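Counting from 1, position 59 in the sequence shown corresponds to residue 59 in full-length UniProt numbering; the numbering is continuous, with no gaps. Every residue, glycine too, gets a C-beta built ideally from N, C-alpha and C. This one's a predicted model, so the numbers in the text were calculated from it and none came from an experiment.
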Amino acid sequence: MDMDMDNPDSKRKAPRRKGDDRVILHFDLDCFYAQCIENANPHLKSVPLGIKQKSILATCNYVARKHGVKKLMGIQEAKRLCPDLVLADGEDLSPFRDVSKQIYSLLKSYSWNGRVERLGLDEVFLDVTDVVAYNLGLVNHHCLEESWFCLSREDPERGFAFDAREVKGCVWPPDFVSDRENEGTDSLRLRLLLGSHLAFYLRQQMEGLGYTSACGISTNKLLAKLAGDRNKPRNQTTLLSSHSPVPFLDPLPLRKIPGIGGKTITAMKSLLKTDDDDDGLTVHNARTNPAVSPFALERLLAGSGGGGEKGIGRKVWLLLHGIDGSEVKPARDVPRQIGIEDTYRGLTQLSQVRAGLVQITTSLLRRMHVDLLDDFDAVTPPISPAPTSVGKGRWLAQPKTLRLTTRPYHSPSEWDKFEYNHGRVSKSVALPRFVFDLNIEPESIAERLVEGTLMPLFHSLNPDKSKLCIGLLNVCVTNMDRAKESSRGGDIMAAFQRQREVEEIRGVAFADEPPDGEEKAEDTSDDTEVEWVEEEDEQDGVRCRLCGCVIPVFAVEAHGRWHELDEGWVEPQGG
Ligand code: TTP
Ligand code: MG
1 MDMDMDNPDS
11 KRKAPRRKGD
21 DRVILHFDLD
31 CFYAQCIENA
41 NPHLKSVPLG
51 IKQKSILATC
61 NYVARKHGVK
71 KLMGIQEAKR
81 LCPDLVLADG
91 EDLSPFRDVS
101 KQIYSLLKSY
111 SWNGRVERLG
121 LDEVFLDVTD
131 VVAYNLGLVN
141 HHCLEESWFC
151 LSREDPERGF
161 AFDAREVKGC
171 VWPPDFVSDR
181 ENEGTDSLRL
191 RLLLGSHLAF
201 YLRQQMEGLG
211 YTSACGISTN
221 KLLAKLAGDR
231 NKPRNQTTLL
241 SSHSPVPFLD
251 PLPLRKIPGI
261 GGKTITAMKS
271 LLKTDDDDDG
281 LTVHNARTNP
291 AVSPFALERL
301 LAGSGGGGEK
311 GIGRKVWLLL
321 HGIDGSEVKP
331 ARDVPRQIGI
341 EDTYRGLTQL
351 SQVRAGLVQI
361 TTSLLRRMHV
371 DLLDDFDAVT
381 PPISPAPTSV
391 GKGRWLAQPK
401 TLRLTTRPYH
411 SPSEWDKFEY
421 NHGRVSKSVA
431 LPRFVFDLNI
441 EPESIAERLV
451 EGTLMPLFHS
461 LNPDKSKLCI
471 GLLNVCVTNM
481 DRAKESSRGG
491 DIMAAFQRQR
501 EVEEIRGVAF
511 ADEPPDGEEK
521 AEDTSDDTEV
531 EWVEEEDEQD
541 GVRCRLCGCV
551 IPVFAVEAHG
561 RWHELDEGWV
571 EPQGG
């Protein structure tokens with residue numbers, strides 16, 4: 001790297017771009033929960049629809065957005081703006097999770113390198129560098145309009161026809177003029193162009209399942225995500241910044257940059273000596289201010305002063321220049337952990353705690369059957385009912401650890417005092433083997449697990465019964481033990497084989513299995529990697545520590561629960 005972190009004078013050197021030989025797609029489903037509900041109730045597609053969680057809208061469809069209704073708006077305000085707004089309940093996340101899984105499986109099935117990463121429930125990154133490189137070699141430069149995009153190395157007939165003279169969908173900058181004559185055959189433009197046609201094809205496949213989406217096409221995750229945001233809904237944008245992404249980023253509010261959180265923005269404001277509100281503070285303001293340098297940012301954000309990790313200054317500096325070396329993580333066929341939680345207005349009796357735990361644990365066991373058994377149905381309808389009977393099939397992975405987490409109840413008046421997780425305590429034990437017995441109803445297993453394991457854990461976490469006032473219970477299984485051929489007598493390989501066959505029947509290639517020890521790939525030491533999870537909170541509503549959205553105080557709880565989905569698929573219950 002050509003920057004010297006210890007030398008403030010190095011601050012004006014343009015950072016070297018890295019990773020721009022990749023082609024990255026970022027898909028974000030349009031008004032996701034609303035589309036799920038609409039597909040189950042098609043008559044709702046043409047009316048303004050809001051999806052309600054407690055007293056706010058988790059989302060709303062685009063018909064409602066035309067009336068000024070917005071995501072995370074309070075119901076009252078939304079009704080005032082749009083009296084005809086139809087409200088649907090969005091407390092039960094199971095149908096959204098099922099659709100999310102279905103869309104993810106679809107996209108995964110088109111990947112050659114297995115780099116397919118979910119972000120939340122409705123966003124997916126795909127690294128298609130290899131597919132694009134392969135197709136680059138197939139382009140006939142004498143007949144671009146009759147090009148063929150090949151989706152399989154084995155079967156040249158699997159693919160689609162396309163016109164390689166133009167990028168598909170929107171481009172940025174909108175007035176981009178290509179110098180095709182001089183760009184050569186391996187130009188960045190041509191690779192992004194191929195990426196744009198693949199993105200369009202994949203969006204059409206998702207539409208075949210009933211789901212429209214926005215997509216960004218660029219050379220790294222940061223830029224792909226931001227590009228996709230440009231033209232929503234049901235559209236796509238290719239960032240053709242063959243020289244520099246800086247003009248694209250410069251006008252954006254700093255808070256829009258994933259990886260730059262509220263804490264960074266507050267610190268930055270002090271460095272810039274500005275009182276601009278968050279929307280007024282742009283990337284350009286920060287990038288061009290003489291006080292801002294990797295060195296100054298490091299001093300400000302890392303160590304004792306800022307509390308950030310070493311190297312944060314440089315990371316932020318690179319972000320301001322559109323540089324993000326972070327890899328699209330390899331796809332997982334089983335989640336890292338599965339957790340279910342519920343929030344309460346203060347449980348004071350042990351009998352209430354016990355009942356809550358039985359309910360959560362029953363849901364958790366059902367979720368384990370869906371996510372960890374190999375008999376998944378590849379052609380499930382978009383909204384499928386949660387399984388209610390005893391599970392079938394074989395375990396693809398068995399979690400070894402059971403964790404209970406509790407948190408005291410915080411009344412709404414305390415929400416601005418405490419973070420969402422304030423007072424959370426957890427304890428883990430080995431998960432008893434009887435939970436994997438598929439001949440016993442989940443309800444019976446749950447009763448046994450609560451009585452024999454979870455209640456004792458609860459007592460050790462909350463020894464003082466006289467002060468009981470529980471606001472949250474979370475039960476989670478983790479530490480997955482993937483089934484091996486040797487220990488399963490060949491079952492697991494047969495399972496993967498069956499899974500492949502199902503995929504092949506659908507006419508798509510199955511992604512390579514991620515290598516064992518895939519965690520390593522996530523823990524990359526790449527020094528231009530962006531942290532995709534950030535931390536901080538703020539006044540004026542509350543700035544979410546994870547996504548940077550400012551949300552009304554009353555929505556903090558619901559929003560926090562929603563974010564649990566990002567990490568390990570933790571599913572909140574209604575209530
Ligand atoms: P988003 O992708 O942020 O929103 P969206 O898909 O509804 O709308 P858009 O067309 O702008 O992409 O989030 C995906 C889903 O996650 C959303 O449908 C509802 C849910 N969600 C919450 O439950 N709470 C939240 O705070 C947010 C931001 C989203
Ligand atoms: Mg979305």
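query = Are Thr288 and Pro253 touching if we call contact CB-CB under 8 Å?
reply = Within the sequence shown, numbered from 1, the residue matching residue 288 stands at position 288. Within the sequence shown, numbered from 1, the residue matching residue 253 stands at position 253. It is not a contact, given that the beta carbons lie outside the stated cut-off.
task = Report yes if the C-beta of Asp229 is less than 7 Å from at least one heavy atom of the ligand MG; otherwise report no.
result = If you number the sequence shown from 1, residue 229 lands on position 229. Not so, every heavy atom of the ligand MG lies at least 7 Å from the Cβ.
| query | What are the boundary residues of the beta strand (DSSP E) that Ser218 is part of? | reply | If you number the sequence shown from 1, residue 218 lands on position 218. Its beta strand (DSSP E) spans residues Ser213 to Ser218.
Does the Cβ-Cβ distance between Thr264 and Val167 come in under 8 Å? Looking up residue 264 in the sequence shown gives position 264. Looking up residue 167 in the sequence shown gives position 167. Not a contact, by the Cβ cut-off of 8 Å.
**Item:** Val508 to Asp371 span [Cα, whole Å]
**Value:** Counting from 1 along the sequence shown, the entry for residue 508 is found at position 508. Counting from 1 along the sequence shown, the entry for residue 371 is found at position 371. Annotation note: pLDDT 22 at Val508 (below 50); position unreliable, no value reported.
Mark Leu318 as exposed unless 16 or more other C-beta atoms lie within 10 angstroms of its C-beta, in which case mark it buried.
-> The residue you call residue 318 lines up with position 318 of the sequence shown. Buried: at least 16 other Cβ atoms inside 10 Å.
Exercise for review: Kindly identify the DSSP beta-bridge partner or partners of Gly159.
Suggested key: The residue you call residue 159 lines up with position 159 of the sequence shown. Answer by DSSP bridge pairing, in chain order: Cys150.
What does a CB cutoff of less than 6 Å around Gly159 pick up in its chain, not counting 5 residues either side in sequence? For this step, residue 159 is matched to residue 159 along the sequence shown. Counting only Cβ-Cβ distances below 6 Å, and skipping sequence neighbours, we find Trp148, Phe149, Cys150 and Leu151.
Q.
Considering Cα atoms alone, identify which of Pro233, Ala227 and Lys400 is closest to Glu207.
A. Here residue 207 corresponds to residue number 207 of the sequence shown, with the count starting at 1. Of the listed residues, the one whose Cα sits closest to Glu207 is Pro233.
Review point. CB Ala64 to CB Gly50, shorter than 8 Å?
Key: Sequence index remark: in the sequence shown, residue 64 carries index 64 (1-based). Sequence index remark: in the sequence shown, residue 50 carries index 50 (1-based). Closer than 8 Å, so yes.
*Around the ligand MG, Cβ to any heavy atom closer than 7 Å, ordered along the chain*: Asp28, Leu29, Asp30, Cys31, Phe32, Asp122 and Glu123
At least 3 beta-carbon pairs within less than 8 Å: the stretch 129-137 vs the stretch 346-359
no
Measure how close the beta-carbons of Leu202 and Tyr110 come, nearest whole angstrom, since I'm counting them as under 8 Å. In the sequence shown, the residue the question calls residue 202 occupies position 202. In the sequence shown, the residue the question calls residue 110 occupies position 110. The Cβ separation is near 6 Å, so the contact holds.
Q) Would a C-beta distance cut-off of 8 Å place Thr274 and Ile24 closer than the cut-off? A) Along the sequence shown, one-based indexing puts residue 274 at 274. Along the sequence shown, one-based indexing puts residue 24 at 24. No; because the gap between Cβ atoms is not below 8 Å, this pair is not in contact.
### Query
At a cut of 8 Å, does the stretch 96-104 reach the stretch 64-84 through at least three beta carbon pairs?
no
Output the distance between the C-alpha atoms of Ser411 and Val69, rounded to the nearest integer angstrom.
-> Within the sequence shown, residue 411 is the residue found at index 411, counting from 1. Within the sequence shown, residue 69 is the residue found at index 69, counting from 1. Those two C-alpha atoms are separated by around 28 Å.
Discussion item. Going by DSSP in three states, residue 622 sits in which element: helix, strand or coil?
Written reply: The structure shown does not extend to residue 622, since the chain is modelled only from 1 to 575, so the question has no answer here.
### Message
Taking 8 Å as the threshold (C-beta atoms), are Asp28 and Ser293 in contact?
### Response
For the purposes of this step, residue 293 is taken as the residue at position 293 of the sequence shown. For the purposes of this step, residue 28 is taken as the residue at position 28 of the sequence shown. Their beta carbons are not under 8 Å apart, which means Ser293 does not touch Asp28 by this criterion.
> In angstroms, rounded to a whole number, what distance separates the CA positions of Pro335 and Leu144?
Replying inline: Counting from one through the sequence shown, the residue named residue 335 turns up at place 335. Counting from one through the sequence shown, the residue named residue 144 turns up at place 144. Going by the C-alpha atoms only, they are around 42 Å apart.
- Pull up the CB-CB distance for Ile56 and Leu44, whole angstroms please, since I reckon it's below 8 Å. Counting from one through the sequence shown, the residue named residue 56 turns up at place 56. Counting from one through the sequence shown, the residue named residue 44 turns up at place 44. The Cβ separation is near 19 Å, so there is no contact.
* **Gln53 Cβ short of 7 Å to the ligand TTP heavy atom set** => Translated into the one-based positions of the sequence shown, residue 53 becomes position 53. Checking the Cβ of Gln53 against the ligand TTP gives yes.
From which residue to which residue does the alpha helix (DSSP H) around Glu38 run? Position 38 of the sequence shown, counted from the start, is the residue given in the question as residue 38. Per DSSP, Glu38 belongs to the alpha helix (DSSP H) from Phe32 to Ala40.
query = Taking one C-beta from the stretch 309-316 and one from the stretch 447-460 each time, how about it: are there three or more such pairs within less than 8 Å?
reply = no
To the nearest angstrom, how far is it from the Cα of Gly261 to the Cα of Gly325? Position 261 of the sequence shown holds residue 261. Position 325 of the sequence shown holds residue 325. For Gly261 and Gly325, the distance between alpha carbons rounds to 19 Å.
| task | Closer than 7 Å by C-beta to Arg22: which residues in its own chain qualify, once you throw out the five before and the five after it? Chain order, please. | result | Position 22 of the sequence shown, counted from the first residue, corresponds to residue 22. Same-chain partners within the cutoff: Asp127, Thr129, Thr219 and Asn220.
- Between the Cα of Tyr33 and those of Glu123, Arg482, Cys476 and Asn140, spot the shortest distance and give me the residue it belongs to. Taking the first residue of the sequence shown as 1, we reach residue 33 at position 33. Here the closest residue by C-alpha is Glu123.
query = Across which residues does DSSP place Ile323 in a beta bridge pair?
reply = Taking the sequence shown and counting its residues from 1, the one referred to as residue 323 is at position 323. DSSP lists no partner for Ile323.
Notebook entry, point to check: With 16 as the cutoff for other CB atoms within 10 Å, does Gln102 come out buried or exposed?
Noted result: Here residue 102 corresponds to residue number 102 of the sequence shown, with the count starting at 1. Answer is buried; the Cβ neighbour count reaches 16.
Inset, instruction - Compute the distance between the beta-carbons of Lys225 and Pro247, then report whether it is under 8 Å. - result: Counted from its first residue, the sequence shown places residue 225 at position 225. Counted from its first residue, the sequence shown places residue 247 at position 247. Not closer than 8 Å, so no.
* Asked: Between the C-alpha atoms of Asp342 and Thr478, what's the straight-line distance to the nearest angstrom?
  -> On the sequence shown, residue 342 is found 342 positions in, with the first residue counted as 1. On the sequence shown, residue 478 is found 478 positions in, with the first residue counted as 1. Asp342 and Thr478: Cα-Cα distance of roughly 18 Å.
Exercise. Which of the three DSSP states, helix, strand or coil, is assigned to Gln53?
Worked result: Position 53 of the sequence shown holds residue 53. DSSP places Gln53 in strand when its eight states are reduced to three.
Just to confirm my understanding: we take Asn285, look at its own chain, exclude 5 residues before and 5 after, and list those with CB closer than 8 Å. What are they? For this step, residue 285 is matched to residue 285 along the sequence shown. Taken in chain order, the residues that qualify are Leu254, Leu272, Thr274 and Asp276.
Practice problem: Output the residue ranges of the beta strand (DSSP E) runs that lie fully inside the stretch 224-290 and measure 3 residues or longer, sorted by chain position. | Solution: 235-239
**Report entry** For Phe125, the first and last residue of its enclosing beta strand (DSSP E)
**Finding:** On the sequence shown, residue 125 is found 125 positions in, with the first residue counted as 1. Counting along the chain, the beta strand (DSSP E) containing Phe125 begins and ends at Glu123 to Asp127.
**Request:** Alpha carbon to alpha carbon, how far is Ile360 from Ser187? Give it in angstroms, no decimals.
**Result:** Residue numbering aside, residue 187 sits at position 187 when the sequence shown is read from its first letter. Residue numbering aside, residue 360 sits at position 360 when the sequence shown is read from its first letter. Roughly 53 Å separates the two Cα atoms.
- request: Can you give me the Cβ contacts of Val47 inside the same chain, cut-off strictly under 6 Å, excluding the 5 residues immediately before and after it?
  value: Along the sequence shown, one-based indexing puts residue 47 at 47. So the qualifying residues of the chain are Val86.
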